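For reference, the structure discussed in these notes is given below.
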Ligand code: DMJ
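Numbering (UniProt numbering), first residue to last: 1 to 631.
The structure is reproduced here in structure tokens:
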């Protein structure tokens, strides 16, 4: 209209514009559009808009695919948890909170961007169990296995001398004995229960149990790295072949998130890092995806049980009457989930555990202590029961190990660990009249003067963390680790079998012994020898090998049967009944820690590896020469 009034203007088209004027008008329009779009990003609340435009491509590739694998639409919580965690560094990442980290952002984009048309098509399709699986066995990865191996400070199995030239030393023959025990445990399992979850050595058959949602072969997966470590090559190949041919993930039962994570995911991840075999990486990631529906809760704190078929979740019925998640369970996912992200490029795994970390960091803690039960709905503690044994244990372990696995960059984990340890020292630690140091359990301020066998891992944990404590506390923590380990040894030494009970008390003159028959059993648990191994590496005090050897002898005498190893019903009986179970953690942990106790320190060096709570080694994220995290 304005132009029509200009004198001399001759309309050249039905819209009244000549070609140059049309061009100018279009130029003006496109300038306006660009300006408006740019302004969106200057508005104070622009982050949501940015997410709208950018997120699906850059921030969370695979999230949609993963959510739909399990039949779950992407919920608000999954997209962005109520209080999204400031990203703590994953293995291989610099701290994202640091402003001075442009290189990191580049690396992050590199790893998370779909790497090719196939992946883009897959993420877009994302409508079935094959969402991340264009064809069986292909999940692309930018993870460079050779570069990772070159960053290790020590050869994985240590610098072994030429054994054929050396005279057989005592320690070598002890190590050989433990290797023979592993071989026997494996061969018995293979003979009577191959592919089942556990061996029942008395009835000579297999047992599936109800923790793994229909998954089979828990013993195979839990054994892989131990077989590899002990150079039981034929047995390792048998285990690997079973994983390749018979380990199927299309199962539909109810599984424990925690148990599947620590045994299956942990075992597969370790097998991959030790061998570089793709089958382990791919199966670990696919199984990790099947666990994600457990996190579909208002707080992002996962429930303990996930249904592989429906993708629903629930809490254990017994956990404060069915409404609680358990600290040791949801607090023991961090190590494995960061590695799942590392090996898949899918950030969803890391996001899940960062959110758990944030909830735990921000919540009020009674006297600085972490109770064992938390509501995944309200995010409140459900009962003031605190324990470094069962229900609490590996949460503390994963804090210090997160710090170590991050090559000492995850400051949040470090701070949370030492603060928790201080609270434990102040409120739970005791010395018995007989001079034994123990960690009691706490119920709303009242102490149960008992320690579970499970709590005996804490000697090793405190030793592991001692060197990074404030200088004035280091000697104290070294001593504390030694004292707790000594107490746990006493619980073994005071039994008739020289194996320790499930729980022991410090009451009315009776110390470090079980007081009820219901607590007198031993199920081949590893925690005491685990602490011997860490204390040995820290001190080289021969007492730890002596104590470790006592355990070997006792296992041989009381737990070895004709068809495998079995737990026993009563450690205070010289002719104990067997429980007919060769637990998977006996092969994953007990025998592995014993073997390491009698090996050189550079075999699975603690500079390069942290052990998950099922003793599966996961690599430390050493930076490469450019300063970028490696693993
Ligand atoms: C193992 O499965 C793990 O060590 C877990 O953290 C606790 N219990 C058993 C061994 O006792």
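Where is the CB? At the ideal position from N, CA and C, for every residue including glycine.
The structure displayed is predicted, hence computed values, not measured ones.
Any idea which residues DSSP pairs residue i with across the strands?
{"i": "residue 386", "result": "442"}
{"i": "residue 617", "result": "611"}
{"i": "residue 271", "result": "DSSP lists no partner for residue 271."}
{"i": "residue 452", "result": "503"}
{"i": "residue 578", "result": "568"}
{"i": "residue 206", "result": "199"}
{"i": "residue 325", "result": "374"}
{"i": "residue 561", "result": "564"}
{"i": "residue 256", "result": "305"}
{"i": "residue 381", "result": "374"}
{"i": "residue 472", "result": "Bridge partners of residue 472: none, in fact."}
{"i": "residue 437", "result": "431"}
{"i": "residue 522", "result": "568"}
{"i": "residue 212", "result": "255"}
{"i": "residue 313", "result": "306"}
{"i": "residue 513", "result": "505"}
Quick one: using the 10 Å Cβ neighbour count with 16 as the cut-off for buried, is residue i buried or exposed?
{"i": "residue 124", "result": "Only weak support exists for where residue 124 lies, its pLDDT of 28 falling under 50; the value from the coordinates is given anyway. Exposed."}
{"i": "residue 582", "result": "buried"}
{"i": "residue 104", "result": "At residue 104 the pLDDT is 30, less than 50, meaning the model places this residue with poor confidence and gives no usable figure here."}
{"i": "residue 470", "result": "exposed"}
{"i": "residue 608", "result": "buried"}
{"i": "residue 622", "result": "buried"}
{"i": "residue 445", "result": "exposed"}
{"i": "residue 210", "result": "exposed"}
{"i": "residue 517", "result": "exposed"}
{"i": "residue 489", "result": "buried"}
{"i": "residue 237", "result": "exposed"}
{"i": "residue 306", "result": "buried"}
{"i": "residue 403", "result": "buried"}
{"i": "residue 139", "result": "buried"}
{"i": "residue 285", "result": "buried"}
{"i": "residue 142", "result": "exposed"}
{"i": "residue 244", "result": "exposed"}
{"i": "residue 656", "result": "Since the first residue of the chain shown is 1 and the last is 631, residue 656 is not available in this structure."}
Using the Cα positions of residue i and residue j, report the straight-line distance between them to the nearest angstrom.
{"i": "residue 149", "j": "residue 376", "result": "39 Å"}
{"i": "residue 596", "j": "residue 458", "result": "18 Å"}
{"i": "residue 326", "j": "residue 169", "result": "46 Å"}
{"i": "residue 207", "j": "residue 367", "result": "43 Å"}
{"i": "residue 579", "j": "residue 311", "result": "34 Å"}
{"i": "residue 340", "j": "residue 289", "result": "9 Å"}
{"i": "residue 400", "j": "residue 501", "result": "27 Å"}
{"i": "residue 225", "j": "residue 456", "result": "23 Å"}
{"i": "residue 641", "j": "residue 264", "result": "Past the boundaries of the shown model lies residue 641; the chain is included only from 1 to 631, so the question cannot be answered."}
{"i": "residue 354", "j": "residue 590", "result": "30 Å"}
{"i": "residue 472", "j": "residue 465", "result": "14 Å"}
{"i": "residue 555", "j": "residue 299", "result": "44 Å"}
{"i": "residue 389", "j": "residue 430", "result": "15 Å"}
{"i": "residue 247", "j": "residue 423", "result": "43 Å"}
{"i": "residue 212", "j": "residue 532", "result": "30 Å"}
{"i": "residue 398", "j": "residue 271", "result": "20 Å"}
{"i": "residue 276", "j": "residue 262", "result": "20 Å"}
{"i": "residue 534", "j": "residue 448", "result": "27 Å"}
{"i": "residue 515", "j": "residue 153", "result": "47 Å"}
Does the distance from the C-beta atom of residue i to that of residue j stay below 8 Å?
{"i": "residue 506", "j": "residue 396", "result": "no"}
{"i": "residue 620", "j": "residue 405", "result": "yes"}
{"i": "residue 309", "j": "residue 252", "result": "yes"}
{"i": "residue 336", "j": "residue 267", "result": "no"}
{"i": "residue 195", "j": "residue 223", "result": "no"}
{"i": "residue 594", "j": "residue 273", "result": "no"}
{"i": "residue 392", "j": "residue 386", "result": "yes"}
{"i": "residue 324", "j": "residue 315", "result": "yes"}
{"i": "residue 550", "j": "residue 453", "result": "no"}
{"i": "residue 643", "j": "residue 524", "result": "With the chain covering 1 to 631 only, the question about residue 643 has no answer from this structure."}
{"i": "residue 600", "j": "residue 158", "result": "yes"}
{"i": "residue 598", "j": "residue 174", "result": "yes"}
{"i": "residue 496", "j": "residue 573", "result": "yes"}
{"i": "residue 227", "j": "residue 235", "result": "yes"}
{"i": "residue 198", "j": "residue 613", "result": "no"}
{"i": "residue 450", "j": "residue 512", "result": "no"}
{"i": "residue 351", "j": "residue 258", "result": "no"}
{"i": "residue 364", "j": "residue 414", "result": "no"}
If we define contact as Cβ-Cβ less than 8 Å, is residue i a contact residue for chain D?
{"i": "residue 265", "result": "The question asks about chain D, but that chain is absent: this structure has only one protein chain."}
Any heavy atom of the ligand SAH within a distance shorter than 7 Å of the CB on residue i?
{"i": "residue 292", "result": "This structure lacks the ligand SAH; the ligands present are the ligand DMJ."}
**Message:** Tell me whether the stretch 475-487 and the stretch 532-540 touch, counting them as touching only if at least three CB pairs, one residue from each stretch, are closer than 8 Å.
**Reply:** yes
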